[in-house]
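Heads up: the structure comes next, in structure tokens.
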Amino acid sequence: MRLLVTGGLGFIGSNFIIKILKETNDFEIVNVDAELFGSNQQNLEGIKDSDRYEFVKGNITNKNLMTELISKCDSVVNFAAESFVDRSINDANPFLVSNIRGAFTLMDITTKQKKRMVQISTDEVFGSLESTTATEESKFNPSSPYAATKAAAELLANSYTKTYDSDIIITRSTNNYGPRQFAEKLIPKTIILAIQNKKIPIYGNGKNIRDWIYVDDHCEAALLCLLKGKSGLSYNISSNNEIDNLTIVTKILEIMNKPNDLIEFVEDRPGHDLRYSMDSSKINKELEWKVGTYEHHDCSSHFKSILLGEMYYNSLKDSAPGKKISEKYIDGFMQNGELKITNKKWVEYNTTTNNNLIRYWEELFTGFLSTKNLKVITK
Ligand code: DAU
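The opening residue of the sequence shown carries number 145 in our numbering; numbering runs sequentially from there.
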């Protein structure tokens, strides 16, 4: 099967592509990615020369490009999305563009070309559930602009299957963790700050609950939905691993031998959902998917592997001297500037701008790089 994966340079998309290329010979992958905020070419460094992999830089809102790419593929899996709730609160516009307009473009073209599309969605569409668990039939109640855009894309997909008999399948997963996760999200952010003995901000009282799923479990489920899912249906992908934020952060600190007083309770995220919870018995029964087949299902062992440098250090250790490191990958905070490896020990950081974001970036990474015998020179 020739598969178009959108957003394959991001966290979940890159794990999906690596998994498919490693575990089967059945796929050729075309990865289209706009190289926006959370994208990083280094996420796919290991497979970029595979003759079953092709990269195309492009935005899913580009109708002509998508029409051409989809015409050369059998199906599409849409991972491309703006995904960070806090950024959607600051500025929802990019979320509307990628998550609604982009998803619509893909739905429209796959429908016309009679191709299957898997739309990757989220448990956040159901909003905060204090004591209940959402099934596929539960009502939408999104809280953040991000969640609302994902819900909107789902509604659009439903309208397409009803009106045009489109072959669209929706998957909703809970919070993912795993390699290559972008630094803005709770788990990688906690680890990076803790390495440097910096304060870890916990929003509100830390009692908010998320259901954490290892990214490969999610990818396995998404692949099953692509191959065996029923057209027009949605599938919840959850992990029975509901943990509150304070417990997660405390656990990470314990593994890292860091004191709990690094925790700092800060102002709550506006509209912060207390708890997400989904029932995934439908995918368990109908597609025989089971969570936890991957060794990293245990969060603790995963945190340890990150501490060995699996995540961020990878972006540095294989880089040749002189090579620029992707700004977007390294920070998520830096706006202008240039970071490059000058030799295996030095990272050079140039910038003409001097604002709080850059200062934050410097604080965040200088300590981390020094634990790897790398130093930052600021010019
Ligand atoms: O539930 C699935 C969703 O999980 C995905 O649809 C989203 O794309 C993804 O970003 C994630 O959303 P969350 O808002 O749950 O993830 P995040 O890592 O931002 O936050 C996890 C929890 O930790 C949440 O309750 C907010 C809290 N938090 C987060 C950050 C970044 C803090 O207390 N402090 C922080 O600094």
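Every residue, glycine too, gets a C-beta built ideally from N, C-alpha and C. Note that this is a predicted model, so its numbers are computed, not measured.
Asked	Found
Within the present structure, is the beta-carbon of S267 separated from the nearest heavy atom of the ligand DAU by less than 7 Å?	Reading the sequence as shown, one finds Asp at residue 267 and not Ser. Yes, the beta carbon of D267 sits closer than 7 Å to at least one heavy atom of the ligand DAU.
What are the partner residues of A278, as DSSP defines its beta bridges?	M422
Mind checking Q186: buried by the 16 CB within 10 Å criterion, or exposed?	buried
Does the Cβ of L299 have 16 or more other Cβ atoms within 10 Å, making it buried, or fewer, making it exposed?	exposed
Quick check: does the Cβ of T394 come within less than 7 Å of any heavy atom belonging to the ligand DAU?	no
The ligand DAU heavy atoms versus the CB of I346: any closer than 7 Å?	yes
Taking 7 Å as the cut-off, does the CB of H416 come closer than this to any heavy atom belonging to the ligand NAP?	With respect to the ligand NAP, the structure offers nothing, as its ligand set consists of the ligand DAU.
Within 10 angstroms of its Cβ, does T486 collect 16 or more other Cβ (buried), or is it exposed?	Residue confidence for T486 is low, a pLDDT of 43 falling below 50, so the modelled location carries little weight; the figure read from the coordinates is stated next. Exposed, because fewer than 16 other Cβ atoms sit within 10 Å of the Cβ of T486.
Please list, in chain order, all residues of the same chain as N458 whose beta carbon is under 6 Å from its beta carbon, the five residues on each side excluded.	Residue confidence for N458 is low, a pLDDT of 40 falling below 50, so the modelled location carries little weight and cannot support an answer.
Going along the chain, which residues of its own chain have a beta-carbon closer than 7 Å to the beta-carbon of R324, five neighbours each way excluded?	F155, S158, N159, N187, M455
Take K333 and list the residues in its own chain whose beta-carbon comes closer than 7 Å to its own, dropping the five residues that flank it on each side.	A327
Less than 8 Å between the beta carbons of E280 and S378, yes or no?	yes
May I have the straight-line CA-CA distance separating T305 from N203, to the nearest angstrom?	24 Å
What are the boundary residues of the alpha helix (DSSP H) that D405 is part of?	Note, D405: premise wrong, no alpha helix (DSSP H); not H, not E.
Could you check how far apart the C-beta atoms of I336 and I392 are, in whole angstroms? I think they sit under 8 Å.	Going by Cβ atoms, the distance from I336 to I392 rounds to 15 Å, so no, they are not a contact pair.
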